[in-house]
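Here is the structure we will look at.
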Amino acid sequence: MEKINLEQYQSLIKGAKVIEKDGFGIKVLETQQGDMIKLFRRKRFFSTALLTPYAVRFNDNAKQLLTLNIPSVTVKRLAYCDAIKRYLVIYKRLDGELLRDVLSNQDSSSDGIYQQFGEFIAELHSKGVYFRSAHLKNILQLPNGKFALIDVSDMSIKRAPLRSGLCERNFSHIFRYREDQLLVKAHLASFLTTYAKKSHLGASALASIERAIHSLLA
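Once you know that position 86 of the sequence shown is 85 in numbering that gives the first Met the number 0, the rest is easy, because the numbers rise by one and skip nothing.
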């Protein structure tokens, strides 16, 4: 990982637009060159992030997703700036629209995008991708119509398809926000039917997942 000083960091972010920040400071920037910079705090207490920083996980997960033919970001640089105690991931900006925005703009009778959404989640699960941040603001619809994953640090990729319990638990992450629940609720049948059709799971496991999702969206 590249180490940069404060002057290099300031040069890197000069003229950049702040995309996201929280009480700890800036989280995401967009540079004038069209690259994205995601910043991760250096953990001070014991954490697995001390052993494998989230910036490294982000990079590793993005690369592994691409080997699985799942669209994601392409990382250009990894850096650490001790002056601000931040890890930096610099990656190429993906053109597209957040799935939450896509669903918000869909006609009430349009089931196609929900069927595609269900198929995409089934593909992730069958390829062993357990994405804890898989809510509708971290899934992008690309100009070619395919879905891509962004902000991929909080993820584990198994060597085999996810077992039913993990699939079920993952839906609590996907539908964690009430706004997203409301968007999917009216088209839930289309989503579930396509998920089941493309899923690696058996009928009993799928029935359990369907009950859990109905309970979650109630």
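All residues carry an ideal CB built from backbone N, CA and C; glycine is no exception.
Quiz item: In chain order, which beta strand (DSSP E) runs of at least 3 residues are fully inside the stretch 112-164?
Solution: Listed in chain order, they are 128-130, 138-140, 146-148 and 154-156.
Quiz item: Taking Cβ to Cβ, would you say Pro142 is nearer than 8 Å to Asp100?
Solution: Not closer than 8 Å, so no.
Quiz item: Are the stretch 141-159 and the stretch 73-86 touching by the rule of at least three beta carbon pairs closer than 8 Å?
Solution: No contact exists between the stretch 141-159 and the stretch 73-86.
Self-check item: For Tyr194, three-class secondary structure by DSSP
Solution: DSSP places Tyr194 within a helical segment (H, G or I) once states are collapsed to three.
Quiz item: Using a Cβ-Cβ cut-off of 7 Å (strictly less than) and excluding sequence neighbours within five positions of Phe23, which residues of its own chain qualify?
Solution: Closer than 7 Å at Cβ, skipping near neighbours: Arg40.
Quiz item: Whole beta strand (DSSP E) runs in the stretch 3-54 with 3 or more residues, listed along the chain?
Solution: Listed in chain order, they are 16-21, 24-29 and 34-40.
Exercise. Please confirm if the stretch 151-164 is in contact with the stretch 61-76, defined as three or more CB-CB distances below 8 Å between the two stretches.
Key: Yes, they touch.
Quiz item: Closest to Leu165 by CA distance: which of Ala211, Ala188 and Lys13 is it?
Solution: Selected option, being the one with the closest Cα: Ala211.
Quiz item: If you draw a straight line from the alpha carbon of Ser171 to that of Leu215, how long is it in whole angstroms?
Solution: Spanning the two alpha carbons is a distance of roughly 7 Å.
Practice problem: With a 10 Å radius around its C-beta and 16 neighbouring C-beta atoms as the bar for buried, classify Met0 as buried or exposed. | Solution: Looking at its Cβ environment, which holds fewer than 16 other Cβ atoms inside 10 Å, Met0 is exposed.
Quiz item: Under three-state DSSP, which class holds Arg76?
Solution: The answer is strand: DSSP assigns Arg76 an E or B state.
Practice problem: Classify Arg56 as helix, strand or coil using the three-state DSSP reduction. | Solution: Arg56: helix per DSSP, three-state reduction.
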